[in-house]
Structures are given as C-alpha cells and as structure tokens.
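Worksheet for the structure shown next.
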Amino acid sequence: MTEHPPAAPAIDEHLGRRLREAWHKTVGTWATDDRGTAGLVQRLVAFGTLSSEEARRVLSDARKRADDNKAELDRRVDDSLHRAASFFTREQKEMKKLEDRLASLEERLKALDA
Numbered sequence: 600m601t602e603h604p605p606a607a608p609a610i611d612e613h614l615g616r617r618l619r620e621a622w623h624k625t626v627g628t629w630a631t632d633d634r635g636t637a638g639l640v641q642r643l644v645a646f647g648t649l650s651s652e653e654a655r656r657v658l659s660d661a662r663k664r665a666d667d668n669k670a671e672l673d674r675r676v677d678d679s680l681h682r683a684a685s686f687f688t689r690e691q692k693e694m695k696k697l698e699d700r701l702a703s704l705e706e707r708l709k710a711l712d713a
C-alpha cells in the first residue's frame, strides 16, 4: 500500500476569524476613521463655512455612511471567506474519496497477486 500525504487542515472558523480581524485592522480601520472626519468638520466650523448645527448633521451623516460602508465591507468579507472555505472543504472531500478508492483498488490488486 502506498503512503498517502496527510490531508490538508480544514479551513475552520478560527482561520476565518483571524482573516476578518486582519482585514478590519487594515482596511476596516482606514475606511471608518472618525477622527479625520471630525477634525475636518471642526475646521470648517472654525472658518465659518459651517454652522455648529450643520457640522453636527454633516458629521452624523458621515458616521452613518461610514457605518453602512463598514457593514457592507464586513458582509462581503464574510461571504468571501465562506465561499473559500466551502471550496476547500469540497476539494478535501473529493480528495478523501479518491484516496479511499485508491486504497480499495490497491487491496484488490494485492488479493489478485496472492
């Protein structure tokens, strides 16, 4: 009987969580930077371009859009991770079936040689 290479580790929820965290620490944080937006709005108020009420409204709208965009980004990342995990899981199942079939054929061949 031939030696089979060890099966690839399954894509588990831990890996998905780590990928999501890495994504959020890079793109997610950059895309939802409140400090930069708040600083810009404060400067516009200081220059008299916006009233305090307009600044609050602009800042509120910007936060809502950033939150909506972050939620959409999270959803897309999760969908991509689930599709990738599903693909690898399917491939591993197919590989296992082929390995089992090969082992069965090797056993039959040994029986014929005996």
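Per the numbering used here, the sequence shown starts with residue 600, numbered consecutively.
Ideal Cβ positions, reconstructed from N, Cα and C, are used throughout, including at glycine.
Every value quoted in this text rests on a predicted model; they were computed, and no experiment measured them.
query	result
Report yes or no: do three or more beta-carbon pairs, one from the segment 636-644 and one from the segment 653-661, lie closer than 8 Å?	yes
Do Ala637 and Leu658 have their beta-carbon atoms positioned less than 9 Å apart in this structure?	yes
List the endpoints of the continuous alpha helix (DSSP H) containing Leu672.	651-712
So, with DSSP's three-state summary, where would you put Ala609?	With a pLDDT of only 48 at Ala609, under 50, the local geometry of the prediction cannot be trusted, and no value is derived from it.
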